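Here's the structure, in structure tokens; my notes come after.
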Amino acid sequence: MSDHPDLSIIIVSYNTRDLTLACLRSIESFPPSCRYETIVVYNASRDDSVESIRKTILMSS
34 MSDHPDLSII IVSYNTRDLT LACLRSIESF PPSCRYETIV VYNASRDDSV ESIRKTILMS
94 S
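Numbering follows my numbering, with no gaps: position 55 of the sequence shown is 88.
And the structure:
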């Protein structure tokens, strides 16, 4: 059996901290029924998206 995910969820973020966090929470609340990975693409945002996302990931671990 492969360790590779069956699904990659890719979120592109540019100054959209609140939307990105809402998307991550939605995935956590309603996870796909297959193996999946979530990738957040940080597009040099000028808000605090990265720090907020890191905190959210650490809190849900």
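Where is the CB? At the ideal position from N, CA and C, for every residue including glycine. These numbers were taken from a predicted model, which means no experiment stands behind them.
Backbone secondary structure at residue i - three-state DSSP
| i | result |
| --- | --- |
| T49 | coil |
| S35 | coil |
| S78 | coil |
| S62 | helix |
Residues bridged to residue i (per DSSP)
| i | result |
| --- | --- |
| T71 | I42 |
CB contact check: residue i to chain B, cutoff 8 Å
| i | result |
| --- | --- |
| T53 | Among the protein chains of the structure shown there is no chain B, as only one such chain exists. |
Residue i: CB within 7 Å of a non-hydrogen atom of the ligand NAD
| i | result |
| --- | --- |
| T49 | The ligand NAD is not among the ligands present in this structure, which contains no ligands whatsoever. |
Residue i - containing alpha helix (DSSP H), residue span
| i | result |
| --- | --- |
| R87 | S82 to S93 |
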